[in-house]
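Visitor:
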Amino acid sequence: MISIILKRALDSVPTIIIGITLTFLIVHLAPGDPGIRFLDPSQPTEIQQVIQKRFGLNEPLHVQYWNWVKRILFHFDFGNSFYNGKPSSEVLRSALLPTILLASCALIFALITGILLGILAATRSNTFTDRTITMTMMFFFSTPAFWLGIMFLGVFSIQLGWLPSSHLTSLYHDQLNTIGRFTDYIQHLLLPVLTLGLPLAATFFRYIRSGVIEALRSDYILGARARGIGYKKILFQYCLKNSLLPIISLLGVIIPALLSGAVIVEVIFSLPGMGRTMVTAVFGRDYPIILAAGTLAFFAVVAGNMIADITYSIIDPRIRYQTRKNS
Amino acid sequence: MKTTHLIIVVCLVFALFSCDSKIKNIKQSSSETDTTEIADGGTLVIGVRSEPESLNPLTALSQTSRNIISLVFRRLADLNEDLTTFTPQLAKKWVFSSDSMNLTFHLRTDVLWHDNKPFTAADVVYSYQLQINPNVAWDGISYKANITSVQAPDDSTVVFAFHKKSLSMLMDAVEGYIVPKHILEHDPPEKMHESHFNRNPIGTGPFRFLGWKDQQTVTLIKNISYYEIGKPHLDRIIFKIVPDNLNLLTQLKSGEVDLVEGIYPKDFQGIVKNWDGGKSSVRPVSYMGRRYDFIGWNLIDPDTYQEALQNENTEITITDYIKPNKFFGSQKVRSALTMAIDRDALTNAVNFGMALPMNSPAPPILAAYNEDANIHWLYDPRQARKLLSEEGWIDSDKDGILDKDGVAFEFEMVTESGNVRWKQVATIIQDQLGKIGIRVTPRLVEPALLYGKMLPPKDFDAVVIGWVVGLTMDLAPLFHSSSFLTPFHFTGYYSPRYDSLDSASKNTLDPETAQKYYNDIARLLSYDLPYTWLYYRLECSAIHKRFKNVMSDKRGMYINPEDWWIPLNERNRTDKLFEG
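For the protein sequence lines, the chains are H and B, in the order given. Under the working numbering, think of the first position of the first sequence as -17, with each following residue one higher. Under the working numbering, think of the first position of the second sequence as 1351, with each following residue one higher.
1. When the Cα atoms are used, what is the spatial distance from A1826/B to S1832/B?
2. Output the distance between the C-alpha atoms of T1470/B and T1791/B, rounded to the nearest integer angstrom.
3. Do you know how far the Cα of A1658/B is from the Cα of Y1844/B?
4. For E1401/B, which option in Y1493/B, Q1565/B, P1539/B has the closest C-alpha, if you only look at C-alpha atoms?
5. Mapping DSSP to helix, strand and coil, what is V284/H?
6. Alpha carbon to alpha carbon, how far is A1776/B from T1765/B?
7. State whether the segment 1886 to 1901 of chain B contacts the segment 1701 to 1710 of chain B, with contact taken as three or more CB pairs (one from each stretch) at a distance under 8 angstroms.
8. Whole beta strand (DSSP E) runs in the segment 1472 to 1515 of chain B with 3 or more residues, listed along the chain?
9. Put N1922/B into one of helix, strand or coil per three-state DSSP.
10. Quick check: L1687/B and L1783/B, are their CB atoms within less than 8 angstroms of each other?
11. Mapping DSSP to helix, strand and coil, what is S1850/B?
12. Are the beta-carbon atoms of I203/H and A290/H separated by less than 8 angstroms?
13. What is the residue span of the beta strand (DSSP E) that H1726/B lies within?
14. How far does the beta strand (DSSP E) with T1437/B in it reach, from first residue to last?
15. Since A1441/B and L1426/B should fall inside the 8 angstroms C-beta cutoff, what is the C-beta to C-beta distance between them, to a whole number of angstroms?
16. State the DSSP-derived secondary structure class of H149/H, mapped to helix, strand or coil.
17. Quick one: does F60/H have its CB under 8 angstroms from some CB of chain D?
18. Which residue marks the beginning of the beta strand (DSSP E) containing E1760/B, and which one marks its end?
19. Quick check on the burial criterion: 16 or more other C-beta atoms within 10 angstroms. Buried or exposed for Q1601/B?
20. For N1769/B and chain H, any beta-carbon pair shorter than 8 angstroms?
21. What residues in its chain sit with their C-beta under 8 angstroms from that of D1670/B, if we drop five residues either side in the sequence?
22. Measure the C-alpha to C-alpha separation of K1372/B and K1866/B and round it to an integer number of angstroms.
23. Sort Q141/H, L178/H, A103/H by Cα distance to I190/H and report the nearest one.
24. Under 8 angstroms, do S152/H and S139/H count as touching if we go by C-beta distance?
25. Quick check on the DSSP output: the alpha helix (DSSP H) that includes G193/H runs from which residue to which?
26. So, helix, strand or coil for M1521/B, using DSSP?
27. Out of curiosity, what's the CA-to-CA distance linking G286/H and A77/H?
28. Can you list, in chain order, the residues of its chain whose CB lies under 7 angstroms from that of Y65/H, leaving out five sequence neighbours each side?
29. If you draw a straight line from the C-alpha of L1405/B to the C-alpha of V1509/B, how long is it?
30. Assuming G255/H contacts L84/H under a Cβ cut-off of 8 angstroms, what Cβ separation, rounded to an integer in Å, is found between them?
31. Have a look at M1519/B and I271/H and give me their C-alpha separation to the nearest angstrom.
32. Is Y213/H buried or exposed, if buried means 16 or more other CB atoms sit within 10 Å of its CB?
33. Within the segment 1803 to 1863 of chain B, note down every full alpha helix (DSSP H) run reaching 4 residues or more, in order along the chain.
34. Compile a chain-ordered list of the residues in the segment 1481 to 1504 of chain B whose CB is closer than 7 angstroms to at least one CB of chain H.
35. In whole angstroms, what separates the C-alpha of V1500/B from that of R1771/B?
36. Would you check if the segment 1901 to 1909 of chain B and the segment 116 to 134 of chain H touch, i.e. whether three or more CB-CB distances between them fall below 8 angstroms?
So, in structure tokens, the structure goes:
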């Protein structure tokens, strides 16, 4: 197992290097001047040079690239934000936590909902229950997150006034007791998690439903039934295990999907996070933040794929066997 | 892109232009004075669309940052509503020397920084030193160009010395917030943009910085040691960052947010309709803003300009850069284009009535503004066609597009992507110029590309953008030949007459003579039309009606927040939870 992990990690290194180099080049070769936003018509012209020097933009591109790589390798320093002067690592750290919280909650919600409803629909295949659940999930699957978010906002925050419409906490969060604070978090996270999680749940649902239906019709399940194994055991131990395999392979692509989904959700619900940070950085040509976030995203995608592969090999030992055989 | 300030040097000692009745009405409706039974306490929640980048007056650029800074810091004196006189703040009084070359400020001695250290003259001197340091890159550095030195003979006296006499000496001296020497002296000026102070400001203003939650809120609390005894009345001001416009307006209506600025005119009309004299809880507030939009024409041939730029001959003169643009090099063509655009209709279409017509660069809020001095190009497409034909632009091949010497009159009109208003302007102009046989192609360009790579090298045909004007402004960066090669002088306008008028207006000490020069400048530019000025925008804000003593005028929404208060019987849940 360790050799598999090491091999996959080493395989990822060129991907990451090429990825972040491309990001650097795309960001720096895009026409435009990130320093122009700091200038005022009334300022003397030498201020423009001061700004260029401040951000290291006066150097040739290859020197900028080498300086950037050196800082990362030897100091793990991605530079300071052009926009607010904060170290990129600090900006990302403060943005990452809310996004991880939102994405984890959405993922957990999506997994539980998708799997449970998938099993329910599969075991009641072609009944009214199945059709209702399938139609509902198809609705969420085909609905854009921004529309869903705005609808939730309109109904639950504006019309009914049940839930807050923005932010991670209330303004008076610090004035609440422990239970109050916990409830405050739940209230603020509910709509964003539903907005991000429901389309994802619908994706999982599709895989689980078709996987379970296929498994229930397979010969080995027929054999298990013939041997008198209980229905619950057949369902959860045999059918579900096989149906989960495609879900695991999906994990690799879910991380970038969650990040891109978080951009929209974070803007609609005014949540802090990576999505908003990245969008602001891109529009403001904040190179250090774009590059740091891009590098992090590359790591996340590569790590997601790696975790998916490893999990796959744990659940399906044939993968491991195949790897050993090949090596 | 930072919202760009257009600085026009204007003699602020002139009498403020008598604004028309429409403006007066707006002003009256934007203030509500109530001085009965003032009660301290309560929380003001201000909804803003973007996070401030810095709370250091020397490095802040965005409007959100500036608004917060105006509550935390103080200047030596504040400009009054007439834009000509000043109210003492950190300075008790000031006096000019007998030769008017020195200005002495006598400072208050009862002012404490928010960390309880005393404010002294050394802070004023140090603030000046940072303001003029190019490594700090303070955006108001031009105000200090006429100052030769600032000295502190004692802890409560500061003397400003000037190069030459000018009508704006007092303004030049007091512009810029005073920052604490005892904190910033530890930061190298070249690292000012990364200073810890940028997110932990210490000021002398009525509100003290309390905390900053990334992408969520910035909180200020009452400065109990504020030098104006008994103020401020509010306990707390929270800037709540809500990037989504729909969400922001929703929170304003539901009372989660008390104040929103920069409301889109269409949404503002809805708020006005609901208000209807006090029927809703959200009071619309409108006032003369600081922004105008215009079309900038490229008056010169971009290729000739580029060739001249690459010429390393140091003897090259400005005229070597200039070959008239094939379309816009002629004043007659520019006036025809201006007459072919129904600017009144355009203004109403994109601003829903929340803008005033504009004909020259002197904005209506300034003392130098004189509408009678402007040339008025009224909408007259027939006359426009006539002028164009006089210039040789006729539809010789009957394809519906004017042409001259085989060149069709078709050009690109660039504007910022993401700015809905300017996109609409470009589309309307495309339609209107199309009616006289000119093909306009609107092109949306990302700001960094537009301001970084298209306008500075004058590599464009026409552009639709806007400027934010300062309270003292200088037209030279836009039109004077001395700034011909700088990024914001992108039209390539060159007029020796303008140069001499600009210099003359700055060198006179007689307000009446200066006004004459300003009138001449307005007349010249509104005739030459390097820009076609479109409209001057009115700012649209809204505030919950429970806030009393709220005043706003052309200086903005934050004139007197230390005087705002909330009656006890109108306190909401947020107020009570914080008080509890």
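Virtual Cβ for every residue (Gly too), placed ideally from N, Cα, C.
Guide: Quick look at the numbers:
1. Here residue 1826/B corresponds to residue number 476 of the second sequence, with the count starting at 1. Here residue 1832/B corresponds to residue number 482 of the second sequence, with the count starting at 1. When rounded, the distance between both Cα atoms is 8 angstroms.
2. As a working note, residue 1470/B is residue 120 in the second sequence. As a working note, residue 1791/B is residue 441 in the second sequence. Computed Cα separation, rounded: 58 angstroms.
3. Along the second sequence, one-based indexing puts residue 1844/B at 494. Along the second sequence, one-based indexing puts residue 1658/B at 308. Those two C-alpha atoms are separated by around 15 angstroms.
4. Working through the second sequence from its first residue, we reach residue 1401/B at position 51. Among Y1493/B, Q1565/B, P1539/B, the Cα nearest to that of E1401/B is on Q1565/B.
5. Working through the first sequence from its first residue, we reach residue 284/H at position 302. Correct three-state label for V284/H: helix.
6. Your numbering for residue 1776/B matches position 426 in the second sequence. Your numbering for residue 1765/B matches position 415 in the second sequence. The straight-line gap from Cα to Cα measures roughly 8 angstroms.
7. yes
8. 1497 to 1504, 1507 to 1512
9. The residue given as residue 1922/B occupies position 572 in the second sequence. Coil, per DSSP.
10. In the second sequence, the residue the question calls residue 1687/B occupies position 337. In the second sequence, the residue the question calls residue 1783/B occupies position 433. Yes, the Cβ-Cβ distance between L1687/B and L1783/B is below 8 angstroms.
11. Position 500 of the second sequence, counting from 1, holds the residue named residue 1850/B. Helix, per DSSP.
12. Counting from one through the first sequence, the residue named residue 203/H turns up at place 221. Counting from one through the first sequence, the residue named residue 290/H turns up at place 308. Their beta carbons are not under 8 angstroms apart, which means I203/H does not touch A290/H by this criterion.
13. Here residue 1726/B refers to the residue found at position 376 when the second sequence is read from its first residue. No beta strand (DSSP E) holds H1726/B; DSSP gives it neither H nor E.
14. Your numbering for residue 1437/B matches position 87 in the second sequence. Unbroken beta strand (DSSP E) run through T1437/B: 1436 to 1438.
15. For the purposes of this step, residue 1441/B is taken as the residue at position 91 of the second sequence. For the purposes of this step, residue 1426/B is taken as the residue at position 76 of the second sequence. So it is a contact: roughly 4 angstroms between Cβ atoms.
16. Translated into positions along the first sequence, residue 149/H becomes position 167. Residue state, collapsed to three classes: coil.
17. Considering every chain present, this structure includes no chain D. Its protein chains are H and B.
18. Your numbering for residue 1760/B matches position 410 in the second sequence. Unbroken beta strand (DSSP E) run through E1760/B: 1760 to 1766.
19. Along the second sequence, read from residue 1 onward, the residue named residue 1601/B stands at position 251. The residue in question, Q1601/B, is buried, as its Cβ has 16 or more Cβ neighbours within 10 Å.
20. Residue mapping note: residue 1769/B aligns to position 419 of the second sequence, counting from 1. Chain H contact via Cβ: absent.
21. Sequence index remark: in the second sequence, residue 1670/B carries index 320 (1-based). Excluding residues within five positions, the ones whose Cβ falls inside 8 angstroms are A1658, N1661.
22. Position 22 of the second sequence, counted from the start, is the residue given in the question as residue 1372/B. Position 516 of the second sequence, counted from the start, is the residue given in the question as residue 1866/B. Annotation note: pLDDT 35 at K1372/B (below 50); position unreliable, coordinate value reported separately. Near 26 angstroms, if we compare the C-alpha coordinates of K1866/B and K1372/B.
23. Residue numbering aside, residue 190/H sits at position 208 when the first sequence is read from its first letter. The option with the nearest alpha carbon to I190/H is A103/H.
24. By one-based count along the first sequence, residue 152/H stands at place 170. By one-based count along the first sequence, residue 139/H stands at place 157. Going by C-beta atoms, S152/H is not nearer than 8 angstroms to S139/H.
25. By one-based count along the first sequence, residue 193/H stands at place 211. Looking at the DSSP string, the run of the alpha helix (DSSP H) that includes G193/H is 160 to 198.
26. Taking the second sequence and counting its residues from 1, the one referred to as residue 1521/B is at position 171. It is helical.
27. One-based indexing of the first sequence puts residue 286/H at position 304. One-based indexing of the first sequence puts residue 77/H at position 95. If I take the Cα positions, the gap works out to 19 angstroms.
28. In the first sequence, residue 65/H corresponds to position 83, counting from 1. So the list reads G266, D268, once near-sequence residues are dropped.
29. Residue numbering aside, residue 1405/B sits at position 55 when the second sequence is read from its first letter. Residue numbering aside, residue 1509/B sits at position 159 when the second sequence is read from its first letter. The straight-line gap from Cα to Cα measures roughly 27 angstroms.
30. Within the first sequence, the letter at position 273 stands for residue 255/H. Within the first sequence, the letter at position 102 stands for residue 84/H. Correct: roughly 6 angstroms between the Cβ atoms.
31. As a working mapping, residue 1519/B is identified with position 169 in the second sequence. As a working mapping, residue 271/H is identified with position 289 in the first sequence. When rounded, the distance between both Cα atoms is 42 angstroms.
32. Within the first sequence, numbered from 1, the residue matching residue 213/H stands at position 231. Under this definition Y213/H is an exposed residue.
33. 1826 to 1829, 1846 to 1857
34. P1484, N1485, A1487, D1489, I1491, S1492
35. Indexing the second sequence from 1 puts residue 1500/B at position 150. Indexing the second sequence from 1 puts residue 1771/B at position 421. In a straight line, the C-alpha of V1500/B is about 44 angstroms away from that of R1771/B.
36. no
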